[in-house]
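If you use this note's numbering, the sequence shown closes out at 253, no skipped numbers anywhere.
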Amino acid sequence: MTINQDFQQDTLTTTSPAYRCGAWASNNAPASSGTITIYARLTHDVAGVAGMAATATVHFRYGDVVLTQHPTSDTGGYVSFNLPLLGRQPVGIPATADVVFTLGQEMLTCAPAFFTPE
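1) For Thr-251 and Pro-165, what's the separation of their Cα atoms in angstroms?
2) With a CB to CB cut of under 6 angstroms and the five nearest residues on each side skipped, what residues in its chain are close to Val-214?
3) At which residues does the beta strand (DSSP E) containing Gly-198 begin and terminate?
4) Give the DSSP bridge partners of Glu-253, in chain order.
5) Buried or exposed: where does Gly-186 fall if 16 or more other Cβ atoms within 10 Å of its Cβ makes it buried?
6) So Val-184 and Gly-157 are in contact, right, with Cβ under 8 angstroms, and what is the actual spacing, rounded?
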């Protein structure tokens, strides 16, 4: 039996986006009338990116709320938004929050944060 090792000569090249971001909630199961913080981080080749403006929109069951805060990323690439829930999401129903960073003329939408009020 002869084993052909030519298949090992090929190398796979993967590319990933230079900029990445993700968002998360400070509490994934808050009280329906509580306040949570939505965090997001922007990176470029794994390093935090400072000085980028961010916006957030929360998707409640009965409508979206655009948060009025407009933070700028710190030296680690982090931003945060305070979110008073005010009973706007029914108990046991998941909600999501989108964070978008502005990079010059481009917008980068993060993986969304989520939470489910208890």
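We treat Cβ as the ideally placed atom computed from N, Cα and C, and that holds for glycine. These numbers were taken from a predicted model, which means no experiment stands behind them.
Answer, in terms of the structure:
1) Taking the straight line joining both Cα atoms gives about 7 angstroms.
2) Ala-175, Ala-189, Pro-206, Ser-208
3) Annotation for Gly-198: the continuous beta strand (DSSP E) segment containing it runs 198–201.
4) Per DSSP, none; premise fails for Glu-253.
5) exposed
6) Wrong, their Cβ atoms sit about 13 angstroms apart, outside the cutoff.
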